[in-house]
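Each residue of the sequence shown is one higher than the one before, counting from 395 in my numbering. Glycine residues also receive a C-beta, built at the ideal position from the N, C-alpha and C atoms. These numbers were taken from a predicted model, which means no experiment stands behind them.
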Amino acid sequence: MTRINDNLDLIPAASQPLVAKVRGAFGTVPAMFATVANSPAALASMWGSFGALGGGTLGARLGEAIAVAVANRNHCEYCLAAHTALGQKAGASVEELAAAQRGIARDPRTQAALTFAIRLVDARGQVSAADVQALRAAGFDDGQVVEVIAHVALNLFTNYVNIALDVPVDFPRVALAA
395 MTRINDNLDL IPAASQPLVA KVRGAFGTVP AMFATVANSP AALASMWGSF GALGGGTLGA
455 RLGEAIAVAV ANRNHCEYCL AAHTALGQKA GASVEELAAA QRGIARDPRT QAALTFAIRL
515 VDARGQVSAA DVQALRAAGF DDGQVVEVIA HVALNLFTNY VNIALDVPVD FPRVALAA
């Protein structure tokens with residue numbers, strides 16, 4: 395049980411339309427969404443960000459690799475489990491996602507994004523010009539650099555929600571990597 399309400403019968407009426415969209419997308423309402431639904435504004439922000447970034451230029455596979463790297467770095471078991479499942483749906487193998495947890499990728503472009511994402515988390519945003527240039531050198535344009543940062547920021551929010559509120563994992567569990 396979470397540290398705050400996760401009963402969909404008790405969430406604000408203003409959250410109900412978005413909860414219906416979540417249910418339509420997942421076939422159920424994952425525990426994280428039920429918890430965030432306590433705030434219609436936070437739910438709208440989170441759902442809107444997932445939708446906007448899902449339509450971005452990085453692609454779902456890279457977005458999920460970034461998500462598992464950030465989740466592992468923050469020890470967020472919920473997000474690690476959820477994004478491993480979503481990453482597999484996006485075409486990533488279990489092995490690729492396990493490597494991404496540790497910030498490792500065979501593809502140089504993905505490697506650059508994971509290195510940058512982890513650096514961004516570890517440095518709390520205080521990255522250098524060289525860090526940004528490494529993304530550009532790997533083929534990311536300015537918009538995609540911002541998109542990588544947006545993926546990290548969204549995942550920080552969801553990691554913090556799940557960790558701080560002790561949201562129960564309702565996806566197949568994945569072990570955190572050392």
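query: Backbone secondary structure at P502 - three-state DSSP; result: helix
query: N-terminal and C-terminal residue of the alpha helix (DSSP H) that L529 is part of; result: A523 to A531
query: Cut-off 7 Å between Cβ atoms - residues of its own chain near Q410, not counting five sequence neighbours on either side; result: none
query: H469 - DSSP class collapsed to helix/strand/coil; result: coil
query: Neighbourhood of L412 by C-beta distance below 8 Å, restricted to the same chain and skipping five residues each side; result: A431, P434, L437, A438 and W441
query: Delimiting residues of the alpha helix (DSSP H) encompassing N556; result: D536 to A558
query: Best match in F510, V563, P566 and A499 for proximity to A547 [C-alpha to C-alpha]; result: F510
query: Integer-rounded CB distance, given that Y472 should sit under 8 Å from V561; result: 5 Å
query: Separation of R530 from G497, as counted between CA atoms; result: 18 Å
query: V488 burial status per 10 Å Cβ neighbour count (16 or more: buried); result: exposed
query: L570 beta carbon less than 9 Å from that of Q520; result: no
query: CA nearest to the CA of I512, picked from A408, A414, H469 and G445; result: H469
query: Rounded straight-line distance, which links the Cα of Y554 to that of D536; result: 27 Å
query: Residues of its chain near R397, where Cβ-Cβ distance is below 8 Å and the 5 sequence neighbours each way are ignored; result: A558, L559 and D560
query: Residue nearest to A454 in terms of C-alpha spacing, selected from V526, A476, L514 and G481; result: G481
query: DSSP state of R513 mapped onto helix, strand, coil; result: helix
query: Where the alpha helix (DSSP H) through P411 begins and ends; result: Q410 to F420
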